[in-house]
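Residue numbers (the working numbering), protein chains in the order written: chain Y, 34 to 546; chain C, 34 to 546.
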């Protein structure tokens with residue numbers, strides 16, 4: 034095209050086009066970073082995003098002091114990406130970074146050192162564990178840590194509350210353009226649900242993989258349209274680390290009793306009908322629920338329309354057997370879950386946004402009938418703490434707890450009355466993560482307790498002949514067995530803020546004395 | 034949660050939290066339209082988006098005079114959604130709407146009436162056909178129509194150049210929450226690639242389906258997270274309309290000759306090696322290329338890494354036979370394509386953004402080796418017209434033509450020297466859609482012509498012993514056969530602007546005299 038057909042004069046003569054660009058050449062108006070240098074026109078089209086090293090990717094990403102970087106935790110305790118990237122970032126001399134991870138796990142204790150050295154000065158996450166959690170509770174950070182639910186984090190990213198400058202995303206496989214998934218490769222993790230949101234919204238996206246495959250990769254969890262750089266490394270994670278703290282079938286009689294009571298409550302609720310939907314966690318009682326529930330489904334010849342959440346082999350089996358029609362999977366809790374999402378198309382990978390964001394046009398949690406959730410503490414008003422210990426020290430994660438509780442028709446907390454000598458059902462939880470008005474039922478080894486807000490459920494349970502136990506009775510019983518619990522002592526300094534899923538602040542965590 | 038843990042005073046004491054909200058109740062800060070009225074908390078969670086009628090959906094969408102609505106054209110000549118929605122909108126008395134369709138087809142002639150009545154005053158589209166195209170060329174619109182490529186439309190939507198207030202998207206199946214696909218239902222269309230972009234970015238999204246399925250629908254092309262309302266109607270389209278003007282194997286000796294020359298050029302280019310990639314259109318010559326190419330692939334024992342574009346049964350067969358590793362499908366051109374995307378996981382649905390947007394971090398066109406494209410006219414500088422006839426009247430569509438041409442290592446235009454008595458290879462095209470510097474090779478029944486910008490290709494062709502024919506010779510030959518073409522006559526009024534994929538204006542179309 035030697036002759037240009039359109040010029041400023043012509044555009045000026047067309048109403049509304051006065052300030053528009055006339056065509057100049059095919060790549061004249063490309064956004065920065067989407068093309069490459071080349072003498073010939075077609076050579077300017079980037080045909081690979083693979084760079085030689087993490088250092089090079091970091092340099093090219095434009096990372097600067099004070100920026101926000103992100104990671105996902107799909108490898109859980111087996112993650113090798115965050116430590117690898119942070120070591121290089123520290124060596125490159127960056128300071129004052131905000132690190133926004135979907136969660137920090139036991140694999141991320143190195144963060145303490147980077148905070149102490151000033152490489153990192155802010156952290157945002159679903160959870161904090163081990164030495165990092167202890168250090169934050171001791172006041173290592175100048176600004177409070179931000180704790181968000183999985184749905185709340187997706188919302189914050191989409192709404193721009195959490196702006197990510199560079200996302201460093203470990204992916205089990207990628208092609209040279211950045212089409213990536215979690216089901217092929219040396220170190221599979223299954224769903225990449227949390228990472229999908231970072232990839233979509235981060236300004237720059239660096240994929241880190243130990244399995245670079247021929248173009249095009251399939252399936253595509255993270256698409257090339259969102260990826261800036263791809264780096265091949267030796268090893269991104271240890272798939273056995275995914276298993277950590279997860280899924281075994283319990284033989285603990287207390288947990289089995291709780292599980293039986295949960296299923297009893299589900300049946301009596303009126304919601305246990307063909308097409309019901311379900312989320313459970315990965316604890317012993319939750320898995321036992323799945324087993325007992327299966328027996329009741331077979332007895333009644335009903336099926337589950339979808340199972341949601343962090344997925345275990347237990348739900349994967351129900352899918353295989355046709356008892357669950359579809360699985361929505363934001364994260365895999367065990368290798369059985371990973372194997373299932375790899376082979377079964379009805380085991381559907383979903384993003385954290387699809388899973389639980391309160392601000393999109395409806396998340397998967399919005400259609401939940403039942404969710405079975407655990408608790409570190411639950412109080413008289415049914416408020417649940419899943420983030421801090423009774424000693425006030427941060428130790429766990431918000432996860433999807435408040436997201437699922439808010440939307441499920443019947444949210445069920447499973448908890449023992451005591452753990453060791455610690456009372457779990459108490460007057461006032463140390464930290465509120467999930468507000469009591471969203472918690473419908475508590476099941477302990479002593480039986481079923483209904484939130485007074487749910488008189489409808491109470492009536493159904495009573496109609497079914499279930500003897501309910503009052504919250505007051507539980508708390509008295511716990512006190513009788515364990516004595517009045519010792520209050521954690523705090524200083525005035527806020528070390529973490531707990532965001533509710535909608536971005537409002539539901540509680541703060543203070544420095545332990 | 035009766036006791037609120039956080040108040041303004043506490044937030045004011047935390048640096049950076051002075052203006053944040055304290056938690057109030059679970060749904061206190063929800064965006065408008067995401068919940069429903071109910072006395073009980075959990076009843077506020079919307080569990081269906083099905084509304085009784087299109088009227089109700091339109092009312093609830095908040096549509097107002099002067100707003101922008103959108104449609105897709107996956108049903109091509111079989112579309113019943115646009116006429117159905119526009120009739121109701123007209124009856125409801127709306128005025129001055131902008132209608133942004135991915136394309137207008139022969140099923141959309143009703144638009145002329147709505148423009149004349151003032152219901153619609155602006156249109157934006159990839160193409161215009163039939164009576165609507167003629168009316169626009171005659172100046173029926175007060176503001177010029179906007180013509181965009183498929184990649185350019187995705188870019189415009191993502192960048193906010195084209196802000197859609199309400200998208201009305203026909204979907205072959207949906208569940209009550211808006212999980213939708215094009216492969217299940219009474220009226221399947223296969224890929225929903227164009228609609229995916231509208232669903233993601235429109236303020237309000239109304240799905241229109243004739244097949245409402247149990248929750249959750251599978252697969253998910255449009256997710257519930259993007260959908261506001263679902264309306265069930267009698268019939269959304271006629272799948273046989275998808276076939277219109279498409280795909281038969283040609284017996285035309287001129288087309289067969291052109292196809293053979295195309296394959297000869299591909300082989301000689303140096304790009305026809307294992308792992309090459311490919312896009313073709315749906316014309317007779319393009320389909321013949323696929324057949325001849327297959328023979329050469331078998332002979333050389335090489336495979337195609339991915340086939341791209343509007344997809345026909347021809348590429349679906351190559352996928353089945355393992356000769357193509359993956360198909361990226363933004364639109365199905367025939368029912369064979371639809372059948373393939375329904376059953377074969379390696380037949381991957383992609384959005385128009387993934388297909389061809391120039392402003393994301395790389396589209397599928399960016400890895401193309403070959404694209405075979407047709408032309409209404411091509412000129413001395415290799416500029417291509419695919420939008421207007423030689424008489425100056427709009428008659429066709431921009432499509433993905435300029436997107437694929439810009440990025441493919443070798444873009445090949447196939448065209449006869451003449452169509453009837455009309456010369457196709459001419460001095461100066463009536464309208465430029467695809468700029469000549471992105472067009473590498475022209476193949477006519479007279480042989481292969483190389484763009485002088487591509488001396489590298491010219492050298493490869495000559496090394497392969499191909500006798501090339503110069504552009505000047507083609508034009509002279511066309512003139513000799515058909516005489517000097519009669520120039521179309523235009524008035525000064527601009528009736529349409531042609532945007533290049535990056536949003537710059539590459540040409541305008543004027544009112545015909």
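We put the beta carbon where it would ideally sit given N, CA and C, even for glycine.
Subject >> Contact set for residue 317 of chain C: own chain, Cβ-Cβ below 8 Å, skip 5 residues either direction >> reply: 281, 282, 283, 285 and 288
Subject >> Length of the line joining the Cα atoms of residue 251 of chain Y and residue 373 of chain C >> reply: 16 Å
Original post:
Going by other Cβ atoms of all chains shown within 10 Å of its Cβ, with 16 needed for buried, is residue 438 of chain Y buried or exposed?
Top reply: buried
Original post:
Residues of chain C with a CB under 9 Å from the CB of residue 540 of chain Y: which are they?
Top reply: 38, 39 and 56
Original post:
Shorter than 7 Å from the beta carbon of residue 533 of chain Y to some beta carbon of chain C?
Top reply: yes
Original post:
Taking only beta-carbon atoms, is residue 359 of chain Y less than 7 Å away from chain C?
Top reply: yes
**OP:** Using the Cα positions of residue 163 of chain Y and residue 230 of chain Y, report the straight-line distance between them to the nearest angstrom.
**Re:** 26 Å
Original post:
Just to confirm, are residue 371 of chain Y and residue 193 of chain Y a CB contact at a threshold of 7 Å?
Top reply: no
Original post:
How many Å lie between residue 131 of chain Y and residue 212 of chain Y at the Cα?
Top reply: 27 Å
Original post:
Terminal residues of the continuous beta strand (DSSP E) containing residue 380 of chain C?
Top reply: 380-382
Original post:
chain C partners of residue 439 of chain Y, CB-CB under 7 Å?
Top reply: 59
Original post:
Using a C-beta cutoff of 7 Å, does residue 544 of chain C count as contacting chain Y?
Top reply: no
Original post:
Does any residue of chain Y bring its CB to less than 7 Å from the CB of residue 485 of chain C?
Top reply: no
Original post:
Between which two residues does the beta strand (DSSP E) carrying residue 273 of chain Y extend?
Top reply: Careful: residue 273 of chain Y lies outside any beta strand (DSSP E) and carries neither H nor E.
**OP:** Can you pull the chain Y residues whose beta carbon is under 8 Å from the beta carbon of residue 201 of chain C, in chain order?
**Re:** Correct list: empty, because the minimum Cβ distance to chain Y is about 16 Å.
Subject >> Status (buried if at least 16 other CB within 10 Å, exposed otherwise) for residue 330 of chain C >> reply: buried
Original post:
In chain order, what residues of the same chain have a beta carbon less than 6 Å from the beta carbon of residue 279 of chain Y, not counting five sequence neighbours either side?
Top reply: Residue placement at residue 279 of chain Y is poorly supported in this model, since its pLDDT is 49, which falls under 50; the coordinates still yield a value, given next. Closer than 6 Å at Cβ, skipping near neighbours: 315, 366 and 367.
**OP:** Given a cut-off of 7 Å, decide if residue 361 of chain C and residue 90 of chain C are closer than it, judged by their beta-carbon atoms.
**Re:** no
Subject >> Identified DSSP bridge partners for residue 453 of chain Y >> reply: Partner(s): none; residue 453 of chain Y has no beta bridge.
Original post:
Do residue 207 of chain Y and residue 431 of chain Y have their C-beta atoms within less than 7 Å of each other?
Top reply: no
Original post:
Mind checking residue 488 of chain Y: buried by the 16 CB within 10 Å criterion, or exposed?
Top reply: exposed
Original post:
residue 221 of chain C versus chain Y: which residues are under 9 Å apart at the beta carbon?
Top reply: Neighbours of residue 221 of chain C on chain Y: none; closest Cβ ~18 Å, over 9 Å.
Original post:
Can you tell me whether DSSP reads residue 278 of chain C as helix, strand or coil?
Top reply: In this prediction, residue 278 of chain C has a pLDDT of 46, which is less than 50 and means its spatial position is unreliable; what the coordinates show is noted afterwards. It is coil, neither helix nor strand.
**OP:** Check residue 248 of chain Y in the structure and name its three-state DSSP category.
**Re:** coil
Original post:
Is there a Cβ from chain C that is less than 7 Å from the Cβ of residue 148 of chain Y?
Top reply: no
**OP:** Report the residue ranges of all alpha helix (DSSP H) runs contained in full by the stretch 54-111 of chain C; include only those spanning at least 4 residues, in chain order.
**Re:** 87-94
**OP:** Could you give the DSSP three-state label for residue 387 of chain C: helix, strand or coil?
**Re:** helix
Original post:
With distances taken between CB atoms, is the gap from residue 467 of chain C to residue 448 of chain C smaller than 7 Å?
Top reply: no
Original post:
Nearest-angstrom Cα distance between residue 110 of chain C and residue 84 of chain C?
Top reply: 27 Å
**OP:** Note down, one range per segment and in chain order, each alpha helix (DSSP H) of at least 4 residues found wholly within the stretch 150-229 of chain Y.
**Re:** 163-170 and 183-192
Subject >> Test: residue 248 of chain C CB closer than 7 Å to a CB of chain Y >> reply: yes
**OP:** Sort C:507, C:312, C:533 and C:347 by Cα distance to residue 39 of chain Y and report the nearest one.
**Re:** C:533
Original post:
Which runs of the alpha helix (DSSP H) spanning at least 4 residues fall entirely within the stretch 412-468 of chain Y, listed in chain order?
Top reply: 434-440
Subject >> Proximity test, Cβ basis, 7 Å: residue 278 of chain Y and chain C >> reply: Reliability fails at residue 278 of chain Y, whose pLDDT of 46 lies under 50, so the model's placement of it is uncertain and the value that follows must be treated cautiously. No, no contact with chain C.
Original post:
Helix, strand or coil: which one does DSSP assign to residue 374 of chain Y?
Top reply: helix
Original post:
In chain C, which residues lie less than 8 Å from residue 261 of chain Y when you measure between Cβ atoms?
Top reply: 394
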